[in-house]
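Asker: Attaching a single structure in C-alpha cells format; questions to follow.
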Amino acid sequence: MRFLSHLVPGPRPAGGLLCAAGFALVLLPARFAPALGVELLAAGFWWWARASEEPAFQVPRWSWLRRPATALWLAAAIEMALPGPTAGFPVPPATLAFWSRVEAIAIVWAALELLAALPLARPFSDLPGPLIAHGAWLPALLPATGFLLLWRQAPRWLDVDEVREASAVLLLLTAALAALRAYGRRRWTAGLRWLVVFDGALAGVLLSSGAVPPWVAVVLWIGACGTHAYLLAAELGGAAPRRGPVMAMLWRMTSWITTAALGWPLLAVAGNLSPRRAVLTLVCGGIPIALASWVNVARLVEAPERRSLARPVSWLIPSRMTPAVLLGGVPLALASAWWVGFAPRPLFALLALVPAVLGGALGLLAVHPAEAGRGARAGRIAQHAARRLFRLVIGLERALVSGATRLVRVLATPLRDLHTGDAQEYVLFLVGVAVLAILLPLLR
Amino acid sequence: MSARALLADPALPVALALVAALLLVASERRRRPLSGSLGLLLVLVPCALVLARLDAAGWILAPLVTALVAAALARESQDPLPGECALKLVWVLGGAFALTAVGFALLALATGVTAPPEQWSVLQLGLSQRMVWVVALPLALLAGVVLLGGAPFHFWVADLFQGASAALAPLAVAALQGLGAMWLVRRLAGLEGFGDGAVLAGALLRTAAIAAFLAGAGTLLLQRRPERRVGTLASLQGGLALAALAISAGRGPLDTMVTAWLVPWAAHLALALSGGALLARLTPADPAAGAPGGHLFRRHPLSAFAGLYALFSLAGVPGTPGAALWLEIARGLATHGQSGLLIALALGWLAAFATVMRELREGFGAPTAVRPERSVPRPVRAALWVSGAGLAMLGVARLVLQ
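In order, the protein sequence lines correspond to chains A and B.
If you read the first sequence in the working numbering, its first letter stands for residue 224, the second for the next number, and so on.
If you read the second sequence in the working numbering, its first letter stands for residue -10, the second for the next number, and so on.
Structure representation (C-alpha cells):
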C-alpha cells in the first residue's frame, strides 16, 4: 500500500487537478456533470484547506462550497426523476411545473452562492484562498464558475419568470456591493477578487435581461473577467502588467474598456423598458459600473521597474499579447449582437456610455492629480465610507442569517432529543402509536 | 449469471453480506468463546435465509427473528449495551406485535374471517361499524411500520447498530426491515377491493413515509456517532419502503412490486449495511475540524473507499446501485402526483448525501506524516472489500441493463 503514497500528487497539484476537472465538467452538457463539477471544485478547496498550515481554520471556512454542489445534485436528480412524457413516465402537468420551478431555484441558488449573491457566504472574496502562499487568486475561481453555471444551465432557469427576475435583482445588488468593496479595499489583489465578482454578477444580469444572446454575454464576460483574472495571477509572478508606464496604461485601458463593454448593453437596453424601470436600471446599473471603472483605472498603480536598465524583450510576451486577445472579443461580440438584432435607441446608447466614461475619466484624474492633497484626502474619506457601508450591509445580513439559524437550532433541539438512544424513547414509541393508530384515522 | 438475474435474484448479495459477517465473526474469535460464535451463526444464517427468500416470508417469521436477535444480544454478557439494546427491542417490537394482534382480532371480530383479502371484501359490503375497522386497520399495519424503522420508530435501528456487534447488526436490521415490508404487503393484499380502506391505508403510509424522511433527515444531520448515523440511514431506507408501498397500496396486486423492487431493495440493504456498519466502527466519532483522519483511512485508504462505496450506496449517491432504488420511488411518486411525499424524500436524500460526504471528509481528515503502526485486521478489511465489490457488481449490472 506504501507505493500508493508515491502515486498521490502533493496537495497543491491534487487540488489544482480537482478544480480543473470541476471547471471542465461545469461546461459539459451531461445531466450530472455540473453537480459533479462543483463537487470536485469543493473537493479541491477541501484538499487545499486540509493540507494548509491551519486546517482547523481553513477546512470550516471553505466547507460552504458543498452547499452549491448539493443544490446542483438536487437539480440533476429532479431532471432524472421527471424526464417528461417522452421518456415513458407520464407526470401530471402541475407536478412537472412545480418541480421545474424547484429545479430552476436549485440551479440559480448554486450559481448565486458561487457568485457571492446570497447572504450566506458573501464576503469570501475578502479572504485569500486556502493555500496562503500561492492562493491569493484562488477565490476568483468561484464567481467564474458561478457565471459559467448560469450560462450553461440557462435553458433550465431562464424560462421561469419569477426565478429569472429575482436572480437579476440579487445579481444587480451583488454587482453594486462588489464594486463598493473593490473601491473600499486598500490591497489591489483583494480589489481584483471583488472585480471578478462584479464581472460575473453583471454578466449574470445581462444574461437574465435577455438584452443580447447568451454567447455574446459570455464573450463580453471573458473579456472583463479574463483581464482581472490575468492581473490577479500576474500579481503572484512579478506584476508584469504594471511594470512601466506603457504596460500600466495598456492594462488600464484593457480593464476599463472590457468592463464598459460588459455594462453597456445592459444600460443601453433600458430604452426598451417602461420609464420607471429604465431610470431604475440606469441608476442601479450605472453607479456600480462607474465605480468599477474608477477602480479599474485608478487602482492599477504603475510598479517601478526592478532593473536599472530594462531588459529588451520581444513584443510577443503574454502580458502584451493578452490585452489584444481580450480587447479583440469586444467589437466582435458587440457587432454580432447588432447583427442578430440588438439595436438600442441612440439616446440610451449614448447615456449607457456615461457611467463608464465618467468613472474612467475620474480614475485617470486620480492617477495623475492636478492638485495633490485635497483630492487624496477626499478619496480616503470616500474609501472609508465605502468600507463602512459594506460592513453595515454584511453585518445586517449576518444578523438576519444568524437569527434564522438560531431559530432553526431551537426548533431542531427536540430532534436531537428524539435520538439520544436512552430508554425514554419508549415514550416516543407510544406517541407514535397514538398518532398513527388513533389520532390520524379519527381526524380523517 | 446475466445482469438481469443478478439484480432480480437476492441470493448473491445476501450471500456476500453473510460472508462479510462471517469474516467479522472470524476476526473476533479471540475475544469471543466458540459457543458465542456458534450462537451468532444461529442468528446470522436464518437472517440471511429470510432475506434470500423474502417473497415467501410469512407472518410468523417477524416475531421469530426478533426473538432470535434479542436472544443473541442478551447473550453478550461482557458489555451492558447489547443487553440494554435487547431489552429495548423486546419492549418496542413486542409492544408493536401485541398492538397489531389487537388490530387483527378487531378485524376478525368485525368481519368473521381471518384472511386479509376476505376481510376487505366483507368490509366493502358496509355491514361492519366504521369505527371498528378505522381503528383496527392502522393497528394491524403497526408492526410492519415499526419493523421498517421509519421515524418515530427509528431509534431501535440506531440502537442496534450501536449496541450489537458489526457482524450481527447489518443482517439483523436488513432482515427485520425486509420482514416489516412483507408484513405490510401481506396485510394490504386485496385491499383494492375495499375503496375506503385503500384510501385510509394510503394516507397512513404516506404520513408514515413523510415522518420517516423528515425526522430521519433532521436527526441524521445532528448525529455524532457514526454507528447511529448508519442506523438513521437504514431508517431512511425504511421510509423508502413505506413510500414504495404508499404508491402501490390499494392499486392492485403487490406481487410485481415485491419482486421488482422490494426483494432487490432488501438484498441491497443487507450488503450496503454490512459495509457501512463496519466502516462506522472504524471512523472517528465527532472529530474536531482539521483533525487527522481515522486509522483505517490513513493506513488502508483503498479499503476505506470500499467501505465508503457501501455507505454511498446506502445514501443513494448517484452512480451507486442504491441511487437507482431511490430514483425508482421518486419516479413513482412523480407519476402519481404526490409532490408532498416527493419533497420529503428529496430532503431525506439530501441529508443522507450531505452526511456521507461529511463522513468522507472527516474520515480522511487532515494529512499527517505519522502512519499508524498497527494495521486493521485482514478479515475486517476483507469484509469491507466483499461488501464494496458486491455493490460494485450490482452497479455494473444496472449499467449493463440501461
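C-beta: ideal position from N, C-alpha, C; glycine also.
All of these numbers come straight from a predicted model, not from anything done at the bench.
Say whether chain B places a C-beta atom closer than 8 Å to the C-beta of A:Ala274.
Answerer: Yes, contact with chain B.
Asker: Are A:Ala572 and A:Leu418 close, meaning C-beta to C-beta below 8 Å?
Answerer: Against a cut-off of 8 Å, the Cβ pair of A:Leu418 and A:Ala572 comes out as no contact.
Asker: Mapping the DSSP letters down to three states, classify B:Ala106 as helix, strand or coil.
Answerer: The question names Ala, but residue 106 of chain B in the sequence shown is Pro. Of the three classes helix, strand and coil, the one that applies to B:Pro106 here is helix, per DSSP.
Asker: Please list the residues of the segment 232 to 257 of chain A that have a C-beta atom closer than 8 Å to any C-beta atom in chain B, keeping them in chain order.
Answerer: Those residues of the segment 232 to 257 of chain A that come within reach of chain B (Cβ to Cβ, closer than 8 Å) are Pro234, Phe255.
Asker: Taking B:Leu88 and B:Gly72 to be in contact with their CB atoms under 8 Å, please state how far apart those CB atoms are, rounded to whole angstroms.
Answerer: At roughly 25 Å, the Cβ-Cβ gap does not stay under 8 Å, so B:Leu88 and B:Gly72 are not in contact.
Asker: Classify A:Arg466 as helix, strand or coil using the three-state DSSP reduction.
Answerer: A:Arg466: strand per DSSP, three-state reduction.
Asker: At 9 Å on the CB atoms, spell out the chain B contacts of A:Ala702, in chain order.
Answerer: Because chain A in this structure spans residues 224 to 667, residue 702 of chain A falls outside the shown range and cannot be described.
Asker: Alpha carbon to alpha carbon, how far is B:Leu284 from B:Leu267?
Answerer: Looking at the sequence itself, residue 284 of chain B is His, so the reference to Leu does not match. Looking at the two C-alpha atoms, the distance is approximately 13 Å.
Asker: Buried or exposed for B:Ser24, going by 16 or more other Cβ atoms inside 10 Å?
Answerer: It is exposed - the Cβ of B:Ser24 has fewer than 16 other Cβ atoms within 10 Å.
Asker: Determine the burial state of A:Trp438: buried for a count of at least 16 other Cβ atoms within 10 Å of its Cβ, exposed for fewer.
Answerer: Its Cβ having fewer than 16 others within 10 Å, A:Trp438 is exposed.
Asker: Along the alpha helix (DSSP H) that carries B:Thr248, what are the first and last residues, could you check?
Answerer: From DSSP, B:Thr248 is part of no alpha helix (DSSP H); its letter is neither H nor E.
Asker: Closest to B:Ala198 by CA distance: which of B:Val365, B:Thr344, B:Gly337, B:Arg350 is it?
Answerer: Looking at the Cα atoms, B:Gly337 is the closest of the given residues.
Asker: Please report the distance separating the alpha-carbon of A:Thr636 from that of B:Gly205.
Answerer: In a straight line, the C-alpha of A:Thr636 is about 14 Å away from that of B:Gly205.
Asker: A:Ile301 and A:Val331 look like a contact to me (Cβ under 8 Å); what is the Cβ gap, rounded to whole Å?
Answerer: Rounded, the Cβ-Cβ distance is 13 Å, inconsistent with contact.
Asker: For the alpha helix (DSSP H) that B:Trp145 lies in, which residues bound it at each end?
Answerer: Segment 144 to 152, the alpha helix (DSSP H) holding B:Trp145.
Asker: Per DSSP, which residues does A:Ala526 bridge with? Please list them.
Answerer: Paired residues: A:Arg466.
Asker: What did DSSP end up calling B:Pro281 once you bin it into helix, strand or coil?
Answerer: B:Pro281: strand per DSSP, three-state reduction.
Asker: Could you name the residues of the segment 468 to 490 of chain A whose beta carbon sits closer than 7 Å to any beta carbon of chain B, in the order they occur along the chain?
Answerer: Within the segment 468 to 490 of chain A, no residue qualifies.
Asker: Could you tell me how far apart the beta carbons of A:Trp222 and A:Trp285 are, in whole angstroms, since I believe they sit closer than 8 Å?
Answerer: Examination of residue 222 of chain A is not possible in this model, given that chain A is present from 224 through 667 alone.
Asker: Per DSSP, B:Gly133 is paired with what?
Answerer: Paired residues: none, contrary to the question.
Asker: On the three-state DSSP scale, how would you describe B:Ala140?
Answerer: Looking at B:Ala140 - three-state DSSP - the assignment turns out to be coil, as it is neither helix nor strand.
Asker: For A:Val624 and chain B, any beta-carbon pair shorter than 8 Å?
Answerer: No, no contact with chain B.
Asker: In chain A, what lies closer than 8 Å to B:Pro356 by C-beta?
Answerer: Pro234, Arg273, Ala274, listed in chain order.
Asker: Look at the alpha carbon of A:Ala405 and the alpha carbon of B:Glu348, and state the distance between them as a whole number of angstroms.
Answerer: Approximately 38 Å, taken between the alpha carbons.
Asker: Using a Cβ cut-off of 8 Å (strictly closer), state whether A:Met303 contacts chain B.
Answerer: Cβ-Cβ to chain B under 8 Å: yes for A:Met303.
Asker: Under the rule that 16 or more other beta-carbon atoms within 10 Å means buried, what is A:Pro353, buried or exposed?
Answerer: A:Pro353 should be labelled buried.
Asker: Report the neighbours of A:Thr318 on chain B: residues whose CB is nearer than 7 Å to its CB, in chain order.
Answerer: Simply Ala323, Gly326, Ser328.
Asker: Spatial neighbours of A:Pro346 within its chain, please: CB distance less than 7 Å, with the 5 preceding and 5 following residues excluded, ordered by chain position.
Answerer: Answer for A:Pro346: Ile617, listed in chain order.
Asker: How many Å lie between A:Arg410 and A:Leu350 at the Cα?
Answerer: A:Arg410 and A:Leu350: Cα-Cα distance of roughly 12 Å.
Asker: When you compare the CB of B:Leu96 with every CB in chain A, is at least one pair closer than 8 Å?
Answerer: Taking Cβ atoms only, chain A never reaches closer than 8 Å to B:Leu96, which makes this a no.
Asker: Relative to the C-alpha of A:Trp517, which residue among A:Ala491, A:Leu581, A:Arg500 is closest?
Answerer: The candidate whose alpha carbon is nearest that of A:Trp517 is A:Leu581.
Asker: Name the chain A residues that come within less than 9 Å of B:Ala277, Cβ to Cβ?
Answerer: Near B:Ala277 (Cβ distances below 9 Å), the residues of chain A are Ala279.
Asker: When burial is assigned at 16 or more other CB atoms within 10 Å of the CB, is B:Met120 buried or exposed?
Answerer: Answer is exposed; the Cβ neighbour count stays below 16.
Asker: Count the other C-beta atoms from every protein chain shown that fall within 10 angstroms of the C-beta of B:Arg171, then say buried if there are 16 or more, exposed otherwise.
Answerer: The sequence shown places Met at residue 171 of chain B, rather than the Arg named in the question. That one is buried.
Asker: If you scan the segment 55 to 131 of chain B from start to end, which runs of the beta strand (DSSP E) of 3 or more residues do you find wholly inside it?
Answerer: None, since the segment 55 to 131 of chain B contains no complete beta strand (DSSP E) of that length.
Asker: Fully enclosed by the segment 249 to 321 of chain B, which beta strand (DSSP E) runs are 3 residues long or longer?
Answerer: Those beta strand (DSSP E) runs which fall completely within the segment 249 to 321 of chain B and span 3+ residues do not exist here.
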